[in-house]
Every structure is written in C-alpha cells, then in structure tokens.
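Everything on this sheet refers to the single structure shown next.
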Amino acid sequence: MKISGSYTIRAARDAVFARLTDPQAIASCLPGVENLNQVAPDQYEMAMTVAIGPVKGTFQGKVQLADINPPESYRMAVEGQGKPGFARGVGSVQLRVIDDQTTEITYEGDVELGGPFAGVAQRMLGGVAKRMIEQFFACIERQMSASS
Amino acid sequence: MAVTKMFGAAVKRREDPRLITGRGNFTDHIRLPGTLVMAIKRSPHAHARIVRIDTSKARAMRGVVAVYTGQDLVDKLAPVPCAWLIPASDLKVPPYRAVAVDKVRYVGDAVAVVVATDRYIAQDAVDAIEVEYEPLPAVVDQEKALEPGAPQLYDEVPNNLAFHWKLHSGDFDAAWDAAEVRISRRLVNHRLIPTAMEPRGALAAYNPGTGELTIWCTSQNPHVHRLLLSAVTGLPETHIRVIATDVGGGFGSKIPMYAGEMIAAAISKDLGRPIKWIETRQENYVATIHGRDHIQYVDIAARRDGTITGVRVRAYASMGAYLSTAAPGVPTWLFGLMLQGPYAIPVVHCDVYGVLTNTTPTDAYRGAGRPEATYLLERMIDLLARELGMDPAEIRRKNFIPKHQFPYTTPTGLQYDSGDYEATLNRALELVDYQNLRREQEELRKQGRYIGIGFSTYVEVCGLAPSQAAGAMGFQGGLWESATVRVHPTGKVTVFTGSNPHGQGEETTFAQLVADELGVPFEDVEIVHGDTEMVPFGMGTYGSRSTAVGGAALVHACRKVKEKAQRIAAHLLEVSPDDLVFENGRFFVKGAPDRGMTFQEVALQAYLAWKLPRDIEPGLEATHFFDPVNNTFPFGCHICVVEVDPETGKVQFRQYVAVDDVGNVINPMIVDGQVHGGITQGLAQAVYEFAAYDENGQLLTGSLMDYAVPKASMLPSFTVDRTVTPTPVNPMGVKGAGETGTIASTPAVVNAVIDALAPFGIDHIDMPLTPERIWRAIRERSR
Chain A
940 MKISGSYTIR AARDAVFARL TDPQAIASCL PGVENLNQVA PDQYEMAMTV
990 AIGPVKGTFQ GKVQLADINP PESYRMAVEG QGKPGFARGV GSVQLRVIDD
1040 QTTEITYEGD VELGGPFAGV AQRMLGGVAK RMIEQFFACI ERQMSASS
Chain B
114 MAVTKMFGAA VKRREDPRLI TGRGNFTDHI RLPGTLVMAI KRSPHAHARI
164 VRIDTSKARA MRGVVAVYTG QDLVDKLAPV PCAWLIPASD LKVPPYRAVA
214 VDKVRYVGDA VAVVVATDRY IAQDAVDAIE VEYEPLPAVV DQEKALEPGA
264 PQLYDEVPNN LAFHWKLHSG DFDAAWDAAE VRISRRLVNH RLIPTAMEPR
314 GALAAYNPGT GELTIWCTSQ NPHVHRLLLS AVTGLPETHI RVIATDVGGG
364 FGSKIPMYAG EMIAAAISKD LGRPIKWIET RQENYVATIH GRDHIQYVDI
414 AARRDGTITG VRVRAYASMG AYLSTAAPGV PTWLFGLMLQ GPYAIPVVHC
464 DVYGVLTNTT PTDAYRGAGR PEATYLLERM IDLLARELGM DPAEIRRKNF
514 IPKHQFPYTT PTGLQYDSGD YEATLNRALE LVDYQNLRRE QEELRKQGRY
564 IGIGFSTYVE VCGLAPSQAA GAMGFQGGLW ESATVRVHPT GKVTVFTGSN
614 PHGQGEETTF AQLVADELGV PFEDVEIVHG DTEMVPFGMG TYGSRSTAVG
664 GAALVHACRK VKEKAQRIAA HLLEVSPDDL VFENGRFFVK GAPDRGMTFQ
714 EVALQAYLAW KLPRDIEPGL EATHFFDPVN NTFPFGCHIC VVEVDPETGK
764 VQFRQYVAVD DVGNVINPMI VDGQVHGGIT QGLAQAVYEF AAYDENGQLL
814 TGSLMDYAVP KASMLPSFTV DRTVTPTPVN PMGVKGAGET GTIASTPAVV
864 NAVIDALAPF GIDHIDMPLT PERIWRAIRE RSR
C-alpha cells in the first residue's frame, strides 16, 4: 500500500534533519516503540506495538537508514515480525526549506502487511499509518520547540 | 393406527430441537480423557522459501508435548490426495505436503504443528516458533501466472499450468462465420469463501493397544475420508472409524481431504493420545477451500431472430497453490458440460486452463462449476437481447429446449431427463406481473428512478451419478449411494444411510420416505448417518445428490424389506403373497380385509421365527446400493427486481421470485429453506461477497468483519413457487434442491442491476456489484 504526505515543521532544515535521524528522537516519538537499539551504523533493532482496528501486536523488527544525504533526504526500510504477522515498508523522506525557520517534510512509502494482520488490518492501514506519521512529526516538532 | 401420507408434507425438521438448543454432537463437543490440543503455525507469506525453523522456544514451554515440522511428518503422512484426475488434459498433480517442506505457496500453508495440554498453550507455542523465510515473488492472478516470466510455484509444472481441458462439440468456427450477430465478452466470476458456520476440526483418537483410529471430523463424506485417511496414514481401512454426526454446514468445503485432519490422525498415532484440532475462524478463511475464481472469455454466435447457434468459452480457473481433492473436476466437467444451459444451442466449445496461483486452493463450492456456467450464459443472453432489442424473457423463450424434446441429448453429451422450461418462465412472469412492471420501470425512469428486472433461466445437473460416468470423467470413486433398513421386533425402524446430511434435513425427509413405504409412524423411524462403523459404505452428501440417490437407495431398501414382510405375512395368513394388499401399514387378503396383519406384527414374527418356512431367513432388514442410470436436471426461472440509486450506487432489492422445478417434493418446507439459503448465497456473490487478495497474495477479507456474508436485513423477501416435472431416473421422481438457488440467483441479480443501469449505457459490470463499482460505472459513462 502506497503512503505519501507532507508535514510542515517550525524549525530550520539542518536541525530537523539531525533530529529525524537521531535514534533517541525516533524511539521517543514513534508511537508504540518500546526500545530501539543501534546494531550497526544506520541500522537499528526495535520492538514496537501497533494496534490497527481489532488487531494489536508487538513486532520485533529492523530499521535501516540509507542514502543519507544531509540535510535533504534519506531512505528508510523497516521490517518487523510478530504474532499477528509481518510488516514491511520502504520509504523516502525529503526536506525542503520554506524559510529559515520552516521546513517542509515530504514522505513517500510502500507498506506491506502479511499474515492474519493483513486480512483484518489492511483496509485500515492507510489511515492508521498517516495518523502515526503525523503524531511522529508533531512529537519531533514539540521536542524541538522545547529544546530551543 | 393413523398413517397419513408423509410424502409432500411440510413436517418440521426433527433435527432442529437438538441443534438449536446446543445439544448437537459437533466435533468440538466430543470430549475424551487425555486429549491433547493441536495448533498449526501457518505461513504469513504467499510464496517463500523456508530458510530455518527454530522450535526450541516452543518446545521448552510448559505444557507443550510435541512440535512437528514438515520434515518430521514426511515419513508419517503421504501428500494430501487429489482424487479427480481428469483425463486427456495433461493434468499435473504436484505434491501437496500436509505441512510444507522447503517452500510455502500460499498465506495459510502449514509450516509447523504444536501439540499441547490446552488450547491457549498451543497457540502461544505456535507464536513462539521462529521461522525465517526468504520471500519469493508471488502471483495471484491466473492470467498473469501463465505469462512468461511469472513466478513459478513448482519446477515440475511449467508456466503454472496444471491442466488444459477441452470439450469441443460441433464446428464453432463455422457457426461464428455464419452468425448474423456475434457477442464477445470477458467475464470475471470471482473467488468466494464458503464460510460454514462450524469451522473444520478433528478429534483423532488412536489406540496403540488395538491399532485402531477413531476420528470425529467435519465431513460431508465420512467413508471417502476413511478411505483417503487409510491411504495417507497407511492404516488399514478396517482400523479407521470416521464419525461426523452433526456438521455445521459445508457447501462443498467439507468434501476434501485436508491437511489438518490428516495431521491430527498422524500425530495421534505417533503419540498414542487423542488429538483435537479445531480451526479458528481466521484459519477457516485461509486454510479451508475457496470457490469459483474464473476469468472467462465468451463468444456467442446468433441469428438476428435471437436464435443462439453456438457458444465458445475459454476459461482460466485459479486452482490456488495446490490441487484440492475434487478440484480439477469442478471447473471442467461440472462447468463445461452445462454450457448450453436450458437452450437448444447446437455447438459448444470449451477450453479450460487450470492455473496454480499463490492463493488458498479452490474446490467445490455450492453449485460447483454450474454457477460459473449459468452466470456466463445468462449474462451473454442478456447482452444478446440488448443488442437485438429483444425482451430478455422472449429471447429465452425462443431458445428453450421445447418440452416435447425430452429426454434431450445435449451437444456436450448429457441427457436431460425431463423438463418444461417455459412453464417456469410463464409462472415467474405472472408472479412479478411482468407487463405492469415494465410499464412502471418506464414511468420511474422519467422521474429519475432506476429499477431493473433481471432474469435467470437455468438448468443444473445434480443427483451426481452414475458411477460409469464418474469413471469416464476421471473421478476416483463411484457415485452410487447405500441404505440399510433395519426393522426391529417391535416394528420400529432404523435407517443407516450413506448420505451424510450437514444441514439438509434428511433425518426428517428420509423418515418421511420410510413412513410411507413401510406404513409405519414417522416417529418410529430413526435415521443414522455419519459413522463408518455403523453405516455401509456411502459416498456422502454433495452435488444435490442425497435425496435423488441416497433417498432412492433407501426406497429400494424399504421395498426389499416390504417384499420379505409380505412373504412372511402370506405364509402366516396361509395365502399367496400375490393375494395380499398392503395399505396403511397392514397386509390383508384381497377381498377379505379382516384377515390381515400389521407391519409390526409381521416384524415380530420375523424375529421370533417360530413359524417361518425354511426358505425365509429370520430377521427383517435389507441393504440397497443404488447407482442411478442418469443425473437429474432441475430447472427454473428466477426474476429479481432491484432499484439502483445512481447517486450512491446502492442496490435495493424490491422483489425476488423463484420458480423452480425440482421434480416431486418430499418436504416443501425443507425445500423452501434450501431455496432460500441457496438464493442468499448466490445473491451474496452478485452484490456482497468477494475474496480479495492484494498483489502480494495477502488475503484482505480474512474475517467475518471483512468478508460480507449477508445479514437478513440485506436480503429481499423471497417469493418461492414450483412447477413439478418428475424425473424418471429414481422411484420418487425427485431431482434435488440443494444448489438450484445458488446457481440461479447470481445472474438474476446482476441482470437486474444492469437492466436498471441501461439508461446510462452500461451493459456489464463485473461482480460483486458494490455501490462503489456501480457508482464508478455511472460516473465513467456520464462524463
């Protein structure tokens, strides 16, 4: 399933980029993340609890960042397995300067669910993923305004 | 003793009190001490190599008794059998392992099995098994699966083509060249999920002391399952007892031999403990067979006056990832033979490609092949009518096989037993008040309201038989049926039938038959079914065959009993058997009604045997194996009236009339119920139900929340009527009513919706006709 969107954040592009690729920030802002450990450069393992409709489960997975091109773009691949099935996703994130203190983040991705999870949750995935991404960026923005 | 005629009486179903008060004997109700619970780990991938399975965490869990992978079971179980080996089709049957070895091929394929002390532990242990997969590209669409470069499911099945089956009768090219009108269409008959209320399950109990296996399971054909279980486990048939007393719906989905039941049997034998396995609803959606799933290319040749001169079909049938037990026969024989429908079409050409895809295996689902044939023909005849500006009722009338031509030999080689197609059409037209309805349609259109009238005139083949035909079609079994009638000394009767009702009500209808034949009270007749240890070999219940074949076996057995009783009575009354009359359960001397004996008195004498002559054996029972000379061919006309809201695309049902001819009717209430249920399932395909896969082979409609089984509020009220044209192929003149509704209703509903949309220039939309699809079609045409 294709997912895309954009989010405008009140912060400078360099700062936003640094924050978005900071594992601590990801772990604290991505909803449901229980732990996130770096296992290699740009590669992390995590446990994440996701609830979509009636299905809820904890996924053990990997996050891999690639093509990191500060402060403009990077790619991200996520895969996780858990009791309700598996989830896989690839995506790219672009950062554009609007002005000194405003950055537009655009994202594009493809998410795939498998197993019983797919049977029940796929049709709700678009909405849930969008909401999670919004929550994530909103949290990043809050953290940045608090620390500035 | 007051005995009235039971044949034709709307007797209430005697099985219902136990079923509706929770006192049935479904598989999960059976409890045995020491039972272990089994759960199956299933693949979340549609196509993947199994790299590694780590069962150590599961094995270490408290309460887990054993864990098996596919490799552990290779020596304990032969592959899941395919038993319809259609000839002259280059059929390839790749091995179907009960638990996958090396590779998984659909979401739901078994990869490991856990045995534990309770269900919760078993499920947790399933979750604790770690499987590393190497995902492979999957193919879901049967046309794409045949393309060069498509993912290959098996090395030994090039291009994923399991078979190519042909049935060519007459010269279609000549008919096409000579045709004044030609209609060509691509039609999709989409995939459905049977969704029986009771999921599948098994309780397998192997006794290491005796070497005997008793297995309670959800089966439409226990003897067939015993035979197949013997083949896959290596246990002799005499050491296997299959019991399927109460089965909560099947619709074909409980015919096949499945991995789950086989695994339970093998593990029970391995551990020497009873093993229970009950499917979850989610498992039912992925691991029990699906139905339909055809892509059809259809050509119709016709004359300007509406006469159809030929039909040609090229169908691509998705078989799923493995060939299920009866699967190859469904899109071939059960489909191709019926492509002329009720019409005098002289030329029929059919090519069917059975294609393996990364989806749940398909097999027989209510109607099995005939709905796919009927739908395409009824859609095409409507397209032809529209092309010619003819009334859909009149074009059908014009093409009907006329009443005086029965028995009628079809170009596909069937012999239609009896029929009067026009009578059902006329009756249905009368019931909907057709002329006025058309006028109303015209007037409403002027107001911007769109009602549509849809027809389906169908004939179907049921009472599946005879055995010789089954052999010629490559079906690895006979299609006869058995019955034993045991009269007890008190005159009470136990019937042992090889049919295995799972909702059809034969405990009632069969007792009605016996009550009439033997002149005994209905209450005195007990029907036993579903236990291979008690019942003589029987073929089971499917293909609307139980009444026409099983019921006929029963009537023949009753007549053998009656004949013997008559000889005993004649001896005791000191007359010749020919001098006796049998009426209302009593034998008496012709012209001297006072000299007689009741059936019960004769039964007692048969067992006392004090006064029997040497040439009459004591006791009173008989067994009959009935192999009919032909199938039966029920037919009818269904008319559906809908209104479509062009703003929302929503279909609202206004009226539904079904006029069926199923021959003589034993119990009209039960037949009405069958017709209601059948219409519901067929109508659901037209507008609601759809097994949706994403392109990666993930089933998106894997729950009752997503798969739209209709609720009562989503259905019209049905007007059901019948004409009666008895069949000559069985003594009761009955045809079969289990599938007529499903076969007839799908095209009736679709034709109604398309008729409603005629002002928008819409002449076809593929099913299911959801509001979205209709709305989009209207939008596209309105631009």
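From first to last, the protein sequence lines are chains A and B.
Last residue of the first sequence: 1087 (the numbering used here), numbering continuous.
Last residue of the second sequence: 896 (the numbering used here), numbering continuous.
C-beta atoms are modelled at their ideal positions from N, C-alpha and C, and glycine is treated no differently.
Being a predicted model, the structure only gives us computed values, none of them experimental.
- Relative to GLY137/B, the option among LEU249/B, GLU311/B, TYR371/B whose CA is nearest is GLU311/B.
- For chain B, the residues of the stretch 1022-1045 of chain A that bring a beta carbon within less than 7 Å of one of its beta carbons are LYS1022, GLY1024, PHE1025, in chain order.
- In this structure, the alpha-carbon of VAL214/B lies about 19 Å from that of LYS205/B.
- At a cut-off of 9 Å between beta-carbon atoms, VAL1059/A makes contact with chain B.
- PRO248/B is bridged by DSSP to ALA161/B.
- When the Cα atoms are used, PHE803/B and ALA357/B turn out to be separated by approximately 30 Å.
- For GLY944/A, no chain B residue has a C-beta closer than 8 Å to its own C-beta; the minimum C-beta separation is roughly 21 Å.
- VAL301/B is classed as exposed because its beta carbon has fewer than 16 other beta carbons within 10 Å across all chains shown.
- In the three-state scheme derived from DSSP, where H, G and I count as helix and E and B as strand, THR832/B is classed as strand.
- Within the stretch 311-333 of chain B, no residue has its Cβ closer than 8 Å to any Cβ of chain A.
- Along the stretch 950-976 of chain A, there is no position whose C-beta sits under 9 Å from a C-beta of chain B.
- Per DSSP, reduced to three states, the secondary structure at SER826/B is helical.
- Residue environment for MET647/B: exposed (fewer than 16 other C-beta atoms within 10 angstroms of its C-beta).
- Sorting ALA1026/A, ARG1027/A, GLU1043/A by C-alpha distance to the C-alpha of LEU1034/A places GLU1043/A at the top.
- In the three-state reduction of the DSSP assignment, TRP390/B falls in the strand class, which pools E and B.
- In this structure ASP203/B is exposed. Its beta-carbon is surrounded by fewer than 16 other beta-carbon atoms within 10 angstroms.
- None of the residues of the stretch 166-199 of chain B has a beta carbon lying less than 7 Å from any beta carbon of chain A.
- Residues are counted here when their Cβ sits less than 8 Å from a Cβ of chain A; for the stretch 394-424 of chain B these are GLN395, TYR398, VAL399, given in chain order.
- For THR622/B, the uninterrupted alpha helix (DSSP H) segment begins and ends at 619-631.
- The beta-carbon of MET818/B is placed less than 9 Å from the nearest beta-carbon of chain A.
- When only Cα atoms are considered, THR853/B and ASN744/B end up about 14 Å apart.
- Close to HIS158/B, with beta-carbon spacing below 7 Å, are these residues of chain A in chain order: GLY1053.
- For the pair SER1031/A and PHE1075/A, the Cα-to-Cα distance works out to about 15 Å.
- Proximity of ARG155/B to chain A, defined by a Cβ-Cβ separation below 9 Å, is satisfied.
- For PRO459/B, no alpha helix (DSSP H) encloses it, and the DSSP letter there is neither H nor E.
- Here GLN589/B carries a coil assignment [DSSP, helix/strand/coil].
- Just so you know, the alpha carbons of ILE402/B and VAL600/B end up roughly 40 Å apart.
- Here PRO474/B is not near SER531/B, since their CB atoms are 9 Å or more apart.
- For the pair CYS330/B and HIS336/B, the CB atoms are not nearer than the 9 Å cut-off.
- Along the stretch 777-810 of chain B, going in chain order, the ones with a CB nearer than 8 Å to a CB of chain A are ASP807, ASN809.
- Three or more beta-carbon pairs drawn from the stretch 650-665 of chain B and the stretch 601-615 of chain B are found closer than 8 Å, and the two stretches are therefore classed as touching.
- In the DSSP assignment, HIS338/B falls outside any beta strand (DSSP E) and lies within the alpha helix (DSSP H) extending over 335-346.
- In the three-state reduction of the DSSP assignment, ARG492/B falls in the helix class, which pools H, G and I.
- For PHE700/B against VAL715/B, the beta-carbon gap comes to about 7 Å, under 8 Å, which counts as contact.
- For GLY996/A, the pairing in a beta bridge is given by DSSP as VAL989/A.
- Taking C-beta separations shorter than 7 Å and ignoring five residues to either side along the sequence, the partners of ALA578/B in its chain run LEU592, TRP593, ARG658, VAL662, ASP740, PRO741, ASN744, following chain order.
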